[in-house]
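Down below is the structure, laid out as structure tokens.
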Amino acid sequence: MSVEFQMASATETLASRDGRLVDLVDGLLHHGVVIRGELWLSVADIDLVFLGVDLVLASPDTMKRTAK
Amino acid sequence: MMVLGWTWAGSDIPENIKADETGDLLTLSVARPADHDARTKMRWQVYCFDAGLDLVPVAPAHDMTLQDAEKIDTVMLSKTLQKLAKSGQLTLSLSPEIAVKPIANSGRSYLAARKSLHDTKATRRMSLETLVQQSGAESTPVRSRAGALCCDVLVPRARLDAVQSKIRTKAETTLPKTASLSVTGLWPPYNFVRMPKAISA
Chain A
1 MSVEFQMASA TETLASRDGR LVDLVDGLLH HGVVIRGELW LSVADIDLVF LGVDLVLASP
61 DTMKRTAK
Chain B
1 MMVLGWTWAG SDIPENIKAD ETGDLLTLSV ARPADHDART KMRWQVYCFD AGLDLVPVAP
61 AHDMTLQDAE KIDTVMLSKT LQKLAKSGQL TLSLSPEIAV KPIANSGRSY LAARKSLHDT
121 KATRRMSLET LVQQSGAEST PVRSRAGALC CDVLVPRARL DAVQSKIRTK AETTLPKTAS
181 LSVTGLWPPY NFVRMPKAIS A
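Rendered as structure tokens:
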């Protein structure tokens with residue numbers, strides 16, 4: 001018995017319907033450059049509250065599951 | 001327009017890709033299709049990368065407009081692009097083994113079976129970490145996704161065949177014999193883009 005080994009190019013992987021490769025691609029979708037918005041809420045020149053907001057595209061269902 | 005990422009100014013830009021000058025770099029974008037989704041963007045990014053462009057990619061699931069892209073620190077982008085020049089990532093995925101449900105004919109046997117399952121998972125993780133270490137390339141930590149274990153390896157384009165061959169060879173001695181390993185790529189270096197904050201408001 002030997003290790004089952006599968007190699008595929010990026011293009012082949014994107015076109016594949018193999019569940020393992022579909023999951024693999026899904027895992028890459030959120031990696032790369034994102035814009036991170038940062039906001040200070042201030043009153044009378046005193047910084048009070050820091051808000052860091054990652055603008056990441058996600059479905060509302062995904063966001064709710066992540067929040068739980 | 002849908003921003004794909006950045007490459008060097010003066011690069012040969014493939015067809016259907018718009019390139020806007022951004023300091024020493026070009027911001028690459030395409031017309032936003034009606035059925036835009038993250039995978040569509042990823043296909044365009046792979047198209048650019050496969051055409052030979054060095055690429056700092058936007059996260060495919062992240063919707064970035066050209067106006068957003070103007071806020072990015074181009075000095076940091078240039079440094080990132082220099083670090084990733086002529087390289088992409090191989091993504092390794094070690095599929096889950098078939099889980100055996102613990103038999104609950106006694107509490108002791110149930111706990112023993114659960115421990116065995118836990119130990120199997122820990123062994124798999126360690127074996128993938130060892131395999132990646134032995135590839136000799138920069139790598140990301142192993143992460144778990146849908147039961148599979150994944151990680152990425154940064155590979156110069158010129159060394160792709162050599163690294164794939166090394167991974168295949170080492171896999172035979174490093175991974176359990178029942179393992180199933182997928183090696184995909186080269187992808188744009190999604191998991192090797194590490195930049196500080198882009199904007200502050």
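Protein chains in written order, with this note's numbering: chain A, 1 to 68; chain B, 1 to 201.
Don't be surprised by glycine CBs; every beta carbon is placed ideally from N, CA and C.
Predicted model, so just to flag it, every value in this text is computed and none were measured.
Local Cβ density within 10 Å of Gln67(B), reported as buried at 16 or more and exposed below that: Exposed, because fewer than 16 other Cβ atoms sit within 10 Å of the Cβ of Gln67(B).
Counterpart residues of Gly88(B) in DSSP-defined beta bridges: Per DSSP, the beta bridge partners of Gly88(B) are Val155(B).
Residue from Pro14(B), Val58(B), Thr65(B), Asp20(B) whose Cα sits closest to the Cα of Met1(B): With distances taken between CA atoms, Met1(B) lies nearest to Thr65(B) out of Pro14(B), Val58(B), Thr65(B), Asp20(B).
Cβ pair Gly52(B), Trp187(B) closer than 7 Å: Result no, Cβ atoms of Gly52(B) and Trp187(B) do not sit closer than 7 Å.
Status (buried if at least 16 other CB within 10 Å, exposed otherwise) for His31(A): Counting Cβ neighbours within 10 Å, His31(A) comes out buried, since at least 16 surround it.
Top-ranked residue by Cα proximity to Leu25(B), from Asn16(B), Leu55(B), Lys83(B): For Leu25(B), the closest of Asn16(B), Leu55(B), Lys83(B) by C-alpha to C-alpha distance is Leu55(B).
C-beta atoms of Asp152(B) and Thr91(B) nearer than 7 Å: Going by C-beta atoms, Asp152(B) is nearer than 7 Å to Thr91(B).
For Gly5(B): DSSP bridge partner residues: Residue pairing by DSSP puts Gly5(B) in a beta bridge opposite Leu28(B), Pro57(B).
Unbroken stretches of the beta strand (DSSP E), 3 residues or longer, contained in the segment 140-196 of chain B: Secondary structure in the segment 140-196 of chain B: the beta strand (DSSP E) runs of 3 residues or longer, each lying completely within the stretch, are 143-145, 148-156, 180-187 in chain order.
First through last residue of the beta strand (DSSP E) which encompasses Glu129(B): First-last for Glu129(B): 107-135, but that is the alpha helix (DSSP H), not the beta strand (DSSP E).
Boundaries of the alpha helix (DSSP H) in which Lys41(B) is found, first to last residue: Start and end: 38-50.
Leu94(B) in three-state terms, based on DSSP: Annotated three-state conformation of Leu94(B) is strand, per DSSP.
Backbone secondary structure at Met64(B) - three-state DSSP: DSSP places Met64(B) in coil when its eight states are reduced to three.
Interface flag, Ala15(A) vs chain B, CB-CB below 7 Å: Answer no: the Cβ-Cβ gap between Ala15(A) and chain B never drops below 7 Å.
Lys79(B): first and last residue of the uninterrupted alpha helix (DSSP H) it sits in: Per DSSP, Lys79(B) belongs to the alpha helix (DSSP H) from 74-83.
Proximity of Gly10(B) and Leu28(B) at Cβ, strictly below 7 Å: No Cβ-Cβ contact shorter than 7 Å links Gly10(B) with Leu28(B).
Assigned secondary structure, Ala10(A) (DSSP; H/G/I helix, E/B strand, else coil): Helix at Ala10(A).
Three-state secondary structure assigned by DSSP to Leu39(A): Because the pLDDT at Leu39(A) is just 49, under 50, the model does not fix this residue reliably, and the value given afterwards should be weighed accordingly. Reduced to three states, the DSSP call for Leu39(A) is strand.
Same chain only: Cβ atoms within 8 Å of Val155(B), ignoring 5 sequence neighbours per side: For Val155(B), where only same-chain residues beyond five positions count, the Cβ hits under 8 Å are Ser87, Gly88, Gln89, Leu90, Ala137, Val163, Gly185, Leu186.
Euclidean distance between Cα positions of Pro96(B) and Thr178(B): Their backbone Cα atoms lie some 10 Å apart in a straight line.
Inter-residue spacing [alpha-carbon to alpha-carbon] between Ile13(B) and Ser127(B): Using only the alpha carbons, I get a separation of about 41 Å.
Exposure label - Arg124(B); buried when at least 16 CB within 10 Å: Classification for Arg124(B): buried.
Three-state secondary structure assigned by DSSP to Ala69(B): Assigned with DSSP and collapsed to three states, Ala69(B) falls in helix.
For Leu34(B), the three-state DSSP class (helix, strand or coil): According to the sequence shown, residue 34(B) is Ala rather than Leu. The answer is coil: DSSP assigns Ala34(B) none of H, G, I, E or B.
C-beta atoms of Leu14(A) and Arg145(B) nearer than 7 Å: Between Leu14(A) and Arg145(B), the CB-CB gap reaches or exceeds 7 Å.
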